[in-house]
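Asker: Mind looking over this structure? Questions follow.
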Amino acid sequence: MNALKKALGIFWIILGPASIIFMFMQAIEKVGLAPEGVAKTNTALQWGIILFIFIPISAGLVVFGYYALKGEYDKLPED
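Taking the UniProt record's numbering, the leading residue of the sequence shown gets 1, the next gets one more, and so forth.
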């Protein structure tokens with residue numbers, strides 16, 4: 001079970017930056033496809049808010065993966 005936790009730790013560490021890169025690519029594409037004027041401004045604002053909320057979540061995934069890889073979750077408390 002501990003080996004699975006460490007393997008998933010690597011997965012979370014990779015997933016964090018990969019998701020940010022994917023989100024930025026989608027934001028650039030969607031803002032670029034929006035028609036000029038108010039629609040483009042609204043699309044850019046929406047994606048800015050989405051990225052602002054999602055970046056800390058991705059950072060949390062990396063931290064969670066780091067702790068899993070380090071072995072912090074090997075000894076969980078028992079009730």
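Glycine included, C-beta positions come from ideal geometry on N, C-alpha and C.
(1) Secondary structure at Tyr-67, three-state DSSP: helix, strand or coil?
(2) When the distance is taken between beta carbons, is Ile-10 closer than 8 Å to Val-58?
(3) Could you tell me the distance, in whole angstroms, from the CA atom of Glu-78 to the CA atom of Val-63?
(4) On the three-state DSSP scale, how would you describe Met-25?
(5) Can you give the Cα-Cα distance for Trp-12 and Lys-6, rounded to whole angstroms?
(6) Kindly give me the distance between the Cβ atoms of Met-23 and Phe-54, rounded to whole angstroms, as I take these residues to be in contact under 8 Å.
Answerer: Looking at the coordinates:
(1) If DSSP states are grouped into helix, strand and coil, Tyr-67 belongs with the helices.
(2) What sits at residue 58 in the sequence shown is Ser, not Val. No, the pair does not count as a contact, with Cβ atoms beyond the cut-off.
(3) Separation of Glu-78 and Val-63 (C-alpha to C-alpha, rounded to the nearest whole angstrom) is 24 Å.
(4) DSSP, read as helix, strand or coil, puts Met-25 in helix.
(5) So the alpha carbons of these two residues sit roughly 10 Å apart.
(6) With a contact defined as Cβ atoms closer than 8 Å, Met-23 and Phe-54 qualify at about 6 Å.
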